[in-house]
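Residue numbers (our numbering): 2 to 158. Beta carbons are placed, not taken as given, at the ideal position from N, Cα and C, and that holds for glycine. This one's a predicted model, so the numbers in the text were calculated from it and none came from an experiment. To start, the structure itself, in structure tokens.
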């Protein structure tokens with residue numbers, strides 16, 4: 002049986018060749034720019050919602066709902082472009098422990114968002130967030146900021 006990381010590396014290598022990203026600096030730069038745009042939508046969208054959930058700011062529920070949709074769009078764009086960026090040099094990226102740390106943090110933050118969508122609720126205006134909302138907001142805030150920091154760190158490792 003093949004090593005799962007080896008199998009994933011092979012799959013991503015083929016994706017990188019098929020898409021052309023492994024061979025084209027302009028395409029890599031375009032996808033990298035779209036990744037940054039996705040991150041801006043994600044972090045920009047979720048930051049105020051998380052601050053509302055931990056009780057540090059007032060944010061109308063309608064605005065929070067709209068920002069969560071913006072953040073979800075940013076997450077989808079970031080995930081798609083992140084896979085494409087990994088496919089350019091998967092062997093190199095998977096040899097970097099910072100990449101693995103980022104993948105774990107993104108997975109945890111994404112699972113937190115899914116769990117909150119299923120189990121939590123945004124507080125109404127003037128309502129104090131409950132314990133689960135405060136916890137989910139703190140985990141989200143820490144997780145997405147850590148993912149952002151780890152992503153920048155990858156560029157320097």
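Under the 10 Å beta carbon count, residue 53 is surrounded by 16 or more other beta carbons and is classified as buried.
Between residue 50 and residue 60 a beta carbon distance of about 7 Å is seen, short of the 8 Å cut, so the two are scored as contacting. In chain order, 50, 53 and 123 place their CB closer than 7 Å to the CB of residue 65, counting only its own chain and leaving out the 5 sequence neighbours on each side. Leaving aside the five residues that flank residue 144 on each side, the residues in its chain whose CB is nearer than 7 Å to its CB run, in chain order, 106, 109, 110 and 113.
By the neighbour-count definition (other C-beta atoms within 10 Å, threshold 16), residue 72 is a buried residue. Judged by their CB atoms, residue 158 and residue 99 are nearer to each other than the 8 Å cut-off. Across the structure, residue 127 and residue 68 are spaced so that their CA atoms are roughly 19 Å apart.
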